[in-house]
Amino acid sequence: MNNLFADPEGSYVLLVNGDGRRSAWPASAPLPPGWRSSDESDALPERGCPAAGPPDPVPYPFRDYHRLDVDPVYAELRADRPVLRIRPPYGDDAWLVTRYDDVKTVLGDPRFSRALTAHNDESRLTPRPVNTSILGTDPPDHTRLRRLLARAFTARRAELLRPGVRAFTATLIDEMTKRGAPADLVEDFALPLTALVICELLGVPYADRPAFRVWLDAFSSTTALSVEQINSRTEALYAYIDGLVAQRRSDPAGDLISALVDAHDETAGITGQELVELVSVLLIAGYETTSAQLANSVLVLFTHPHAHEALRADPGLLPGAVEELIRFVPLDAHVAFGRYAREDVELSGVRIRAGEAVLPVLPSANRDPSTFPRPDELDLCRGRNPHLGFGYGIHRCIGAPLAKVVLEEGLGGLLARFPGLSPAVPPEEMVFKEGVQVRILQTLPVTW
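Taking the UniProt record's numbering, the leading residue of the sequence shown gets 1, the next gets one more, and so forth.
Structure below.
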């Protein structure tokens, strides 16, 4: 395989963009969008390092994502440029980190901060920084907020919710059966299943789904929405959740919003704004992100018939299969949730200086052969599987136990009730949404 970031001849050229900035680039690699060869395209003597100093950042993303493929450039970066200086569409220049061990360090080492993004022009792909609530905090604020959620999202609590998830699954499959094939597994199953689960847990009326699903687009849009649309939808969602908070204050129920209202009113453990933002983040993670993973997992099984048949023949493989599908599916279209170094840190021989931004690439880490043998193969019987699909460290997804229950019950229910489940159109013709942070199928037509 040609290494796009380590020319076999050791030959590099100088590129220039419309702003007049220059960057070193391997002579054998295709030019990145928006850059052209400089008139001074002399070969550089060292690997990627101009004689006059370090190269300017490389524009990122390198290209639009394609379906569920992991950009092959990441494999080349892991091998030869595991820490690469990049320039995202918005915000500060950053270091792109692609190796498993380095990504894990960035996610788990307190020398890298999420809270510092609020004091910088956060490196990002969106026109405006996304308010990530608890995901944008460090201890002690993070500890305070996470403690409020801990009881609702334990593995034990997730297992107690399993019968309800199974019932929701059966009901949705019954409705699909009554309507007959073909069906759209996104609109008829994945989205309503995850909505039913998270709405019941939070205390959000399921009947309001047509409204809040539109508002939630503001949190995942990169280019799909204008800044004005993002602002208006964010404001609408916050106003809606604020109304739910007011209802629970006067008429409490046994849901998570009521518990958070109690924490606000009785112990001042959370501010009103924090409460609204926290519920919005939980809603999008429990609804859109989990549904995307479920639909994408089915698509992967369609394109890996041996795995599909093995799982259908032995439902006992489901827990391990879900872990492997989470590793294998690159849910993020591009990087997100950058960090800033609190002090100088070295990653793979590159010094990250205090105050510099770092963007960890989770899909690349999950395909690192130093951690996962045959990383590009889907192996439902993979033993050790320390994937980073839910993140790592203090910001590891708090809803991971519940998400795995939903995925196990959703996939298990489909395979049990529809042993002949198959795509109604060729998988290569299925269309993904564009301009969003998460890889989401527009539709997933199936028959049985």
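The beta carbon of each residue, even a glycine, is placed where N, CA and C say it ideally should be.
- Cβ atoms of Leu160 and Leu402 stay farther apart than 8 Å, at about 10 Å.
- Three or more beta-carbon pairs separated by less than 8 Å link the segment 435 to 447 to the segment 186 to 198, which places the two stretches in contact.
- Judged by their CB atoms, Gly286 and Val245 are not nearer to each other than the 9 Å cut-off.
- Looking only at Ala236, Asp208 and Pro205, the smallest Cα-Cα distance to Phe219 is reached by Ala236.
- Cβ-Cβ separation between Ala295 and Leu301: approximately 11 Å, too far for a contact (criterion under 8 Å).
- Under the DSSP assignment, Ile284 falls in the alpha helix (DSSP H) whose first and last residues are Gly272 to Ile284.
- Annotated three-state conformation of Ser422 is strand, per DSSP.
- Distance from the CA of His142 to the CA of Ala181, rounded to the nearest whole angstrom, comes to 47 Å.
- In the same chain as Val165, and ignoring 5 residues on each side of it, the C-beta atoms closer than 7 Å to its own belong to Val197, Val405, Val406 and Glu409, in chain order.
- Using a C-beta cut-off of 8 Å, the segment 197 to 217 makes no contact with the segment 313 to 327, since fewer than three inter-stretch Cβ pairs fall below that distance.
- Residue pairing by DSSP puts Pro445 in a beta bridge opposite Asp184.
- Under DSSP, the beta-bridge partners assigned to Arg351 are Glu346.
- As computed with DSSP, Ile86 is found in a beta bridge with Val58 and Ala94.
- For Ser37, the enclosing beta strand (DSSP E) has its first and last residue at Trp35 to Ser37.
- Val329 sits in coil when the DSSP states are folded into three classes, being neither helix nor strand.
- When C-beta atoms of the segment 359 to 378 are compared with those of the segment 330 to 339, three or more pairs fall below 8 Å, so the two segments count as touching.
- Annotated three-state conformation of Arg63 is coil, per DSSP.
- With 16 or more other Cβ atoms inside 10 Å of its own Cβ, Arg327 counts as buried.
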